[in-house]
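J.: Sharing a structure, written as structure tokens. Questions coming.
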Amino acid sequence: MAVVDGKWKPLILWELQDGPKRFNALHRSLDGISQKMLTQHLKELQRHGVVHRESYHEVPPRVEYSMTPAGVELLDALNPLGLWAEKHIDLICAADTA
């Protein structure tokens, strides 16, 4: 389960579901994540084979991140968990404040 541990990894996958994104676009869409944390999580997701990093040899250099087929499957598997969390948000919030 290290593939999706923590707060940010599922959110990164969620942001990539609509197609490739550049680092700064991802950073802007994930309010509160530091650049260092985003870099670390993207590297871990790449290592687990769920995110692909494409580097374009252009001036200026361009890098895009996208989901691999395994990443798409993983996000599909996480969707029921997200639906459960939405349904029980009051329970989750109460536990977080206790």
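Per this note's numbering, the sequence shown starts with residue 429, numbered consecutively. Every residue, glycine too, gets a C-beta built ideally from N, C-alpha and C. Only a predicted model underlies this, so the values are computations on that prediction, with no experimental measurement involved.
Check whether the Cβ atoms of Met465 and Trp442 sit closer than 8 angstroms, and answer yes or no.
T.: Going by C-beta atoms, Met465 is not nearer than 8 angstroms to Trp442.
J.: Roughly how many angstroms separate the alpha carbons of Glu492 and Gly499, rounded to a whole number?
T.: Their backbone Cα atoms lie some 15 angstroms apart in a straight line.
J.: Could you give the uninterrupted runs of the alpha helix (DSSP H) lying entirely in the region 429–468, keeping only those of 4 residues or more?
T.: DSSP runs (the alpha helix (DSSP H)) wholly in the region 429–468: 436–444 and 451–457.
J.: In three-state terms, what does DSSP make of Glu482?
T.: Correct three-state label for Glu482: strand.
J.: With which residues is Arg490 paired in a DSSP beta bridge?
T.: The partner list for Arg490 (beta bridge, DSSP) reads Tyr484.
J.: Could you check the C-alpha separation between Glu482 and Trp512 for me, to the nearest Å?
T.: Their backbone Cα atoms lie some 34 angstroms apart in a straight line.
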